[in-house]
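Structure first, commentary second.
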Amino acid sequence: LTTFGEIFVKVRTLGPFLYPDGKAHGRAFGIKKNQLVLLEFIGGSYRSPVVTKVFPFPTKDSDFGNISEFVRKYSFLNPEKDIIDFHESGYLTRQTTNKIEVYDQDQTIIFEIVFFKLKSKNKSKRLRNHSKYQNNR
């Protein structure tokens with residue numbers, strides 16, 4: 001539904017695709033009802049809408065306080081330098097300079113991979129290492 005009340009159906013979104021061998025590649029993401037998106041049209045045709053950007057906040061005016069609350073709650077993150085994926089469960093994955101960190105709902109690092117040291121730290125008793133490589137703690 002656009003701001004002018006137009007309804008678009010079967011709108012393409014950015015995301016993963018399947019290779020001919022059946023393997024997926026790319027990043028999948030969800031779009032929630034009332035979430036703000038940028039809609040563009042392939043070849044300028046209104047018959048070919050595609051979502052090219054998903055904004056991290058809903059469009060209702062009553063929800064705009066969400067942005068300031070987010071900045072307060074996640075002040076330890078650096079969105080200018082980090083790549084961060086959030087999940088509804090409260091878990092998040094952060095790729096920052098030379099490492100990847102996985103946080104639980106309490107913002108505690110439960111798993112970390114440090115690239116330049118070529119080691120990982122499993123800080124959760126719930127995770128098990130099923131890799132052929134040894135986990136350095």
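All residue numbers in the sequence shown are consecutive under UniProt numbering, ending with 137. Even glycine gets a Cβ: it sits at the ideal position worked out from N, Cα and C.
**Asked** Of the residues Ile83, Ile84 and Phe17, which one's Cα is nearest the Cα of Gly26?
**Response** Phe17
**Request:** Give the straight-line distance between the Cα atoms of Ile100 and Ala24, rounded to the nearest whole angstrom.
**Result:** If I take the Cα positions, the gap works out to 22 angstroms.
**Request:** Find the nearest neighbour of Ile83 within the set Gly90, Thr97 and Val9, judged by alpha-carbon distance.
**Result:** Thr97
**Rounded straight-line distance, which links the Cα of Leu38 to that of Tyr103** = In this structure, the CA atom of Tyr103 is about 30 angstroms from the CA atom of Leu38.
**Message:** Distance check for Gly15 and Tyr46, CA to CA, integer angstroms please.
**Reply:** 21 angstroms
**Request:** Give me the Cα-Cα distance between Thr108 and Gln95, rounded to the nearest whole angstrom.
**Result:** One C-alpha to the other measures close to 15 angstroms.
**Prompt:** Curious, which full-length alpha helix (DSSP H) runs of at least 4 residues does the segment 6-77 contain?
**Reply:** 65-73
**Prompt:** How about Phe55 and Leu77: are their beta carbons less than 8 angstroms apart?
**Reply:** No.
**Item:** Leu92 - partner residues in DSSP beta bridges
**Value:** Phe86 and Tyr103.
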